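According to the UniProt record's numbering, the stretch in the sequence shown is residues 1 to 681, in order.
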Amino acid sequence: MKPSATTFSSTATLDVGKTPNFVKVTVITIFSFSVITLLYFFPSSPFPSSISFSITTPQQIKNKASLVSPRPKKTLPPPPLTVGDRTGIVDDNGAMTEDFVIGEFEPSAMDEFRNLTGGRGETSTKEGGKLTRVKYERFRVCEESTRDYIPCLDNVEEIKRLNLSGSLVMYERHCPEEGKGLDCLVPMPKGYKRSIPWPRSRDEVWFSNVPHARLVEDKGGQNWIALKKDKFVFPGGGTQFIHGADQYLNQISEMVPEIAFGQRARIALDIGCGVASFGAFLLQRNVTTLSIAPKDVHENQIQFALERGLPAMAAVLSTKRLLYPSQAFDLIHCSRCRIDWTRNEMQDLTRRICWELVKKEGYIAIWRKTLNNSCYLSRDSGAQPPLCDSNDDLDSVWYVSLSPCITRLPENGYGANVTTWPERLHYPPDRLQSIRMDATYSRKELFKAESNYWNEIIESYVRAFHWKQMDFRNVMDMRAGFGGFAAALHDLEVDCWVMNVVPVSEFNTLPVIYDRGLIGVMHDWYTLSHEAFRVFALGIILAASFIAVIAPVPEGIALASALSLKSETDRSLSQKVEPGEELMLERCETFDTYPRTYDLLHAASLFSAEQRRHKCKISSIMLEMDRMLRPGGTVYIRDSISVMSELQEIATAMRWMCVLRDTGEGPHASWKILTCDKRIP
């Protein structure tokens with residue numbers, strides 16, 4: 001059989017590969033490629049100073065005049081890039097801004113934007129109308145009649161509408177509706193002077209700063225207050241201690257030595273405080289006393305207390321819980337606080353609520369609250385007042401009605417087992433574990449970390465800004481957390497007291513603040529409408545109990561612990577709005593203090609938090625800060641750079657003098673410090 005074509009072709013190919021000519025051609029080809037490779041990839045100099053790689057053709061090598069490589073030709077830089085106009089979306093630090101506008105804009109849209117963000121803007125536009133920023137005009141000064149104005153306590157229109165004249169309810173909070181709040185700067189009295197520094201202010205204040213002589217006429221004979229030339233002086237007396245508060249406190253210590261002022265008794269509440277002389281002299285014994293009284297016929301008593309440099313706020317014990325947590329106070333003093341302690345019914349009530357009469361001497365009687373629930377549970381069935389529901393949130397205090405029932409004590413003893421002062425300031429209290437917050441296992445670490453954080457920051461403030469020489473006395477921390485800011489001021493011996501404000505929208509850390517031996521209050525810089533409140537909390541029962549904490553005495557002196565009252569039971573929140581009542585819009589709420597009462601306002605991350613919630617205009621909070629701040633006072637705002645531009649605009653419109661500073665993290669951090677001074681004209 002003949003071989004196929006495929007077989008023949010394969011055999012021929014193998015024969016050619018074995019011939020001598022083919023082998024010679026192959027060797028020459030491989031050698032040539034090797035030489036070309038050497039010429040391409042190795043430098044001409046045999047000893048180069050540094051390793052480099054270049055590609056050169058054989059013709060270029062042949063034409064070289066020397067072994068040294070020629071210098072490369074100088075190349076021209078590329079033409080500059082064309083940069084478009086900045087839109088303002090990102091600032092110089094690379095952070096997104098809040099006030100950018102892209103492209104053309106509609107004037108009507110900008111008007112709407114200004115109405116939503118604060119309203120008082122004039123606009124400045126870039127050429128072509130491509131970039132618009134909202135600016136604030138200078139705020140006007142309010143009428144002279146508003147110089148002592150407390151918006152939520154002086155709402156005459158609402159008090160008349162509700163027909164509250166003659167009722168204690170008229171002294172509770174009735175905030176203005178949206179659009180009727182403060183939109184101007186509260187004026188200072190004529191002749192206002194910088195406040196007398198502490199501790200001299202405890203005994204004397206300028207008449208021109210609180211120009212009200214009615215209290216002298218009403219209470220001068222009781223050794224409360226006197227007018228001497230251009231100053232009010234405070235001899236230290238009171239309705240029940242005409243011979244002086246110091247002697248009065250000595251008598252109490254002798255009656256009950258275990259009260260141990262400044263150790264076991266650290267935080268006190270004085271109800272119906274007058275000009276706060278009781279609290280003033282307790283300070284000498286290392287006791288911080290929060291003095292409260294309504295803005296009633298003696299309407300300026302709290303104003304005098306604050307001008308003296310004493311912790312105080314306007315408040316009344318009526319139908320709503322006080323804005324403090326359960327088990328907050330080691331001592332409660334009630335001297336002629338609208339309660340007739342001499343009536344037999346009151347003596348019977350104290351027995352039924354398990355108060356033990358410890359000592360009675362003259363016009364002073366001292367009761368002690370029970371330590372556990374055993375006394376409550378051993379009462380006869382049907383005893384009145386009843387115990388509150390076990391699921392009642394005792395620390396919910398924002399617009400919560402009082403309830404005529406006895407507050408149960410926690411079975412675990414939380415709130416009662418606090419250490420003595422000053423150890424309790426830095427010892428994590430038991431109630432740190434019971435407050436509602438995200439962290440479960442790391443709460444003690446968070447507590448200690450916050451203390452260390454603020455201690456480091458305040459130490460730098462004291463060193464760099466000379467805080468000890470600035471005569472800060474009345475201080476407010478507007479977003480207090482665990483109270484680390486106040487604790488740091490105490491540790492660094494800045495001679496002041498701090499009102500720690502816990503916003504309603506945050507974790508309720510007030511129990512921890514009080515267990516540390518500090519004072520504070522629940523507040524919110526905005527409130528929900530009735531409708532929003534319904535949706536948010538429909539079905540929550542407004543039965544709760546709180547402190548109507550009083551301490552009975554014949555003719556009116558009393559010291560004690562906590563009594564819970566109950567005015568309504570089993571009424572859902574939806575029933576709180578009367579039929580036909582007009583629903584309120586969301587609005588900003590003001591603090592229950594007089595104008596010109598704080599030397600230092602501290603706000604850490606407050607405005608960025610409010611900005612994220614979109615509930616309250618920043619300008620409204622800033623106007624409230626101006627109302628509370630003394631002329632000559634200072635504001636420290638530590639917040640995100642995203643809000644600093646607007647804060648500076650508003651501060652300038654309020655005539656504050658401000659400086660923007662870097663934090664310790666440096667100029668490119670996402671946080672800044674805005675320090676502002678409210679100058680005396």
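Just so you know, even glycine gets a beta-carbon here, dropped at the ideal spot from N, CA and C. All values reported here derive from a predicted model rather than from experimental measurement.
Asked                                                                                                                                            : Found
Start and end of the alpha helix (DSSP H) containing D626?                                                                                       : 618-628
On the criterion of 16 or more Cβ atoms from any shown chain inside 10 Å, does L563 qualify as buried, or is it exposed?                         : Any answer about L563 is weak, because its pLDDT of 27 lies below 50 and its placement is not dependable; what the coordinates show is given next. When all chains shown are included, L563 counts as buried.
If I measure Cβ to Cβ from N372 and keep anything under 7 Å in the same chain, skipping five residues before and after, which residues do I get? : L409
Could you say if the stretch 218-235 and the stretch 647-664 meet the contact criterion of at least three C-beta pairs nearer than 8 Å?          : no
If we call anything under 9 Å between Cβ atoms a contact, is I519 one with V494?                                                                 : no
Which complete alpha helix (DSSP H) runs does the stretch 350-385 hold, if anything under 4 residues is left out?                                : 374-377
For R194 versus R655, is the C-beta distance shorter than 9 Å?                                                                                   : no
How about Y514 and Y324: do their beta carbons lie closer than 9 Å?                                                                              : yes
So what's N500 in DSSP terms, helix, strand or just coil?                                                                                        : strand
Is W206 helix, strand or coil when you go by DSSP?                                                                                               : strand
Rounded to a whole number of angstroms, what is the C-alpha to C-alpha distance between G633 and A305?                                           : 18 Å
Helix, strand or coil: which one does DSSP assign to H602?                                                                                       : strand
Identify the residues that DSSP records as bridge partners of Y636: which are they?                                                              : H602, T675
Quick check: G272 and S201, are their CB atoms within less than 9 Å of each other?                                                               : no
For the beta strand (DSSP E) that contains D515, what are its first and last residues?                                                           : Segment 510-515 is the alpha helix (DSSP H) holding D515; no beta strand (DSSP E) there.
Compare the C-alpha of C354 against each of L629, P385, L331 and name the closest.                                                               : P385
Rounded to the nearest angstrom, how far is the Cβ of N508 from that of D395, given a contact under 8 Å?                                         : 6 Å
Using CA atoms only, rank isn't needed, just tell me which of W467, A480, L510, S374 is closest to L492.                                         : W467
Quick one: what's F261 bridged to in DSSP?                                                                                                       : A265
Just reading off the alpha helix (DSSP H) that M657 is part of, what are its end residues?                                                       : Run containing M657: none in the alpha helix (DSSP H); it sits in the beta strand (DSSP E), 657-662.
Is DSSP giving K219 helix, strand or coil here?                                                                                                  : helix
Can you name the start and end residues of the alpha helix (DSSP H) that I339 belongs to?                                                        : Per DSSP, I339 belongs to no alpha helix (DSSP H) and is neither H nor E.
Rounded to the nearest angstrom, what separates T597 and V512 at their Cα positions?                                                             : 26 Å
Just to confirm, is the Cβ distance from S620 to L153 under 9 Å?                                                                                 : no
Considering only C-alpha positions, which residue in the set V275, R266, I252, H298 is nearest to I366?                                          : I252
If you run the structure through DSSP and keep just helix, strand and coil, what is L227?                                                        : strand
Counting C-beta neighbours from all protein chains within 10 Å, is the total for G121 16 or more, i.e. buried, or is it exposed?                 : Low confidence applies to G121: its pLDDT is 47, below 50, so where it sits in the model is not reliable enough to give any reading.
Check A245 in the structure and name its three-state DSSP category.                                                                              : helix
Whole angstroms are fine: how far does the CA of V418 sit from the CA of L162?                                                                   : 43 Å
Under a three-way DSSP split, which group does N163 fall into?                                                                                   : coil
To the nearest angstrom, how far is the alpha carbon of F329 from that of S505?                                                                  : 24 Å
Where does K672 land, buried or exposed, given buried means 16+ other C-beta within 10 angstroms?                                                : buried
Can you look up Y461 in the DSSP assignment and give me helix, strand or coil?                                                                   : helix
One question on the structure: do P503 and A604 come within less than 9 Å of each other, judged by their Cβ atoms?                               : no
If you draw a straight line from the C-alpha of L282 to the C-alpha of E646, how long is it?                                                     : 43 Å
Under 9 Å between C-beta atoms, does W198 make it to chain D?                                                                                    : Structure shown: chain D not included; a single protein chain is present.
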